[in-house]
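*Asks:* The structure follows.
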Amino acid sequence: MTVTFVLEADPKTVETAHDRAFWPVLVPSVLPALAMVVVGGIGLTRPALGWDEHATWSAAERTPAQIVDFAGTMDGVIAPYYLFLHFWSAAFGDSVAMLRLPSLIAVVLGVGLVGELGRRLFGPGVGLAGALIVAAVPQVSRYAQEARAYGIAFFFAVLATLLLYVALGRPSWWRFAAYGTAVTLLGYTHMMGLLVLAGHAVAVAVRWWAGRDRRPAVRWPVTVAAAIALVSPLIRLGLSQRGTQLEWITPMDLHQVLIAPGVIFGAPTTGLLIIGLAFAARWHQPLLVGEMAALAAFPPVVLIAVSFVTSPLWVPRYALVVIVPLALLAAVALQRLRRRTVAALLLIVATGFETHQLVREPDAHGGMDFRRAAAIVAAGQQPGDGVVYGRIGTWSLRAGLDYELRHHPKPADVLLRRSAAEAGGLDGVECPELTCFDTARVWYVGARRAGDPMADMGDVLRAKFAAEYRRTGYWLLPLGTIATYERRTA
């Protein structure tokens, strides 16, 4: 006779073991993501929509057909983002919060993925500290609060990097397909995000050189080639629009190279502190540290080199994702400090605190404070008023006032003949002579630079106002000028 004993585990013991396995996986991702919700949510709507955000709203409010038509003229590489915002705002509205919320959600998820990437590569402590460092960087929260594609591109760049390391660990075609999907979505979000592939290539080459597994050396190029093929229509469109799309970028010089670390992070002291810690990183797998260094260095180096050789392309926000590997390397270095890690994290937060405040100022997103400008116009306008705009950045001046007064009466746009949506461009079509109005009372809204606050009016409008009108109101804003003119009586 055989007797079998069945032993039941104590439920408390099982729960404790489960918790011990569960929390090291969860905390490195969830805690920094929650921190990013707080950091990104503070002051989300305080800055008025800036220059670029006006383009987002202007494009998103058009029909899908008009967005496609607009893509043939300019901003073709981010037309998918405009289409997404079109349907998003149709569902949730076009308030400042709703326009910026997709970027905030994307960055929150991206910070969570940073924690998971660090956990997989270096352990839970590094993942947690690295992701918290990313959440503390002013420039990350800056683009978490902007209605542009950069926050979403940040998410897909981190996701692609995480999926690459998942595929390198167990290189099945399915895992590389998931990686390729993330790369494709990154390319369709913002083409410059594909710069991360330069660092990915190094990670694959290191695996091949170390002789750990030869399969990624074949599967990665095939996957990337397929992703690039899928993105190629946008790449061709971007290349065809390069002359007009990027003409505003400053020519590359040594000064921009030297200040690059500071402007990428948004706060030079914060950037130098994190980079300094990254240089101090030591790990029992030195090749992994080298891979992180390549992920941090190659995207900006490639972009800067191309900017020296061809027309300028260097825009620091295009390299935003390099903050991630630098933060993880800094977290590796912090592991050696042990009990001083919290103090080091607080120091990073403190060095960026002032910049966090600055990027939440009302006019922090570029251009004048259009919310204040619209309030001035709304309070002082009278029935029958017209409005004309300055000659520099006319499209943004027009879109800025239109946005802020979209739910309120506004002066008639006396120079406009075809809207931007109808014209298929960023700006509308004005009457060519700029003197085609005879309105009794006219508002002027223009940019303000050093010197004459009315210089943006241009010679033609200045001459007409001088001959036919008298100025009756005048307001100076940071980067903006508002004035009212009334027709002279005989």
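My numbering numbers the first residue of the sequence shown as -2 and each following residue consecutively. Just so it is clear, CB atoms sit at the ideal spot from N, CA and C, and this is done for glycine as well.
1. Does the pairing of the segment 320 to 338 with the segment 215 to 232 give three or more beta-carbon distances under 8 Å?
2. Three-state secondary structure (DSSP) at ARG388?
3. Beta-carbon within less than 7 Å of ARG139's beta-carbon, same chain only, minus the 5 sequence neighbours each way: which residues are those?
4. Between the alpha carbons of GLY124 and THR478, how many angstroms are there, rounded?
5. May I ask you to report which of helix, strand or coil DSSP gives THR486?
6. Nearest CA to the CA of HIS362: which residue from PRO475, ARG117 and ALA375?
7. With 16 other CB atoms within 10 Å as the buried threshold, where does HIS187 fall?
8. With H, G and I counted as helix, E and B as strand and the rest as coil, what does DSSP make of ARG117?
9. In angstroms, rounded to a whole number, what distance separates the CA positions of GLU143 and ARG97?
10. Do three or more CB pairs link the segment 105 to 116 to the segment 25 to 35 at distances below 8 Å?
11. Which same chain residues, not among the five before or five after GLU288, have their C-beta less than 7 Å away from its C-beta?
12. For TRP472, which residues does DSSP report across the bridge?
13. For ALA103 and ALA291, I'd like the C-alpha separation in whole angstroms.
14. In chain order, what residues of the same chain lie with their CB nearer than 6 Å to the CB of THR432, ignoring the 5 residues before and after it?
15. DSSP three-state call for ASP410: helix, strand or coil?
16. Tell me the residue span of the alpha helix (DSSP H) that contains ARG368.
17. For my contact list, PRO29 and LEU129 are in at a C-beta cut-off of 8 Å; report their separation, rounded to the angstrom.
18. By Cβ distance, which residues of its chain are closer than 7 Å to ARG117, with the 5 residues on each side in sequence left out?
19. For PHE173 and VAL221, what's the separation of their Cα atoms in angstroms?
20. So which of SER393, ALA418, LEU182 and VAL385 has the shortest CA-CA distance to PRO455?
21. On the DSSP letters alone, give me the boundaries of the beta strand (DSSP E) that GLY517 sits inside.
22. Quick one: which unbroken alpha helix (DSSP H) runs of 4-plus residues sit fully inside the segment 77 to 132? Chain order, please.
23. Does the beta-carbon of THR307 have 16 or more other beta-carbons within 10 angstroms, so that it is buried, or is it exposed?
*Replies:* To lay it out plainly:
1. no
2. coil
3. GLY263 and VAL356
4. 48 Å
5. THR486: coil per DSSP, three-state reduction.
6. PRO475
7. By the 10 Å Cβ count, HIS187 comes out buried.
8. In the structure shown, ARG117 sits in a helix (DSSP, three-state: H, G or I).
9. 5 Å
10. yes
11. VAL199, ALA200 and VAL203
12. ILE479
13. 24 Å
14. LYS461
15. strand
16. 367 to 377
17. 5 Å
18. TYR162
19. 9 Å
20. Before going further, note that residue 455 is Gly rather than Pro in the sequence given. Measuring from the Cα of GLY455, the nearest candidate turns out to be VAL385.
21. Nothing can be reported for residue 517, as the shown portion of the chain is limited to -2 through 487.
22. 93 to 119
23. Counting Cβ neighbours within 10 Å, THR307 comes out exposed, since fewer than 16 surround it.
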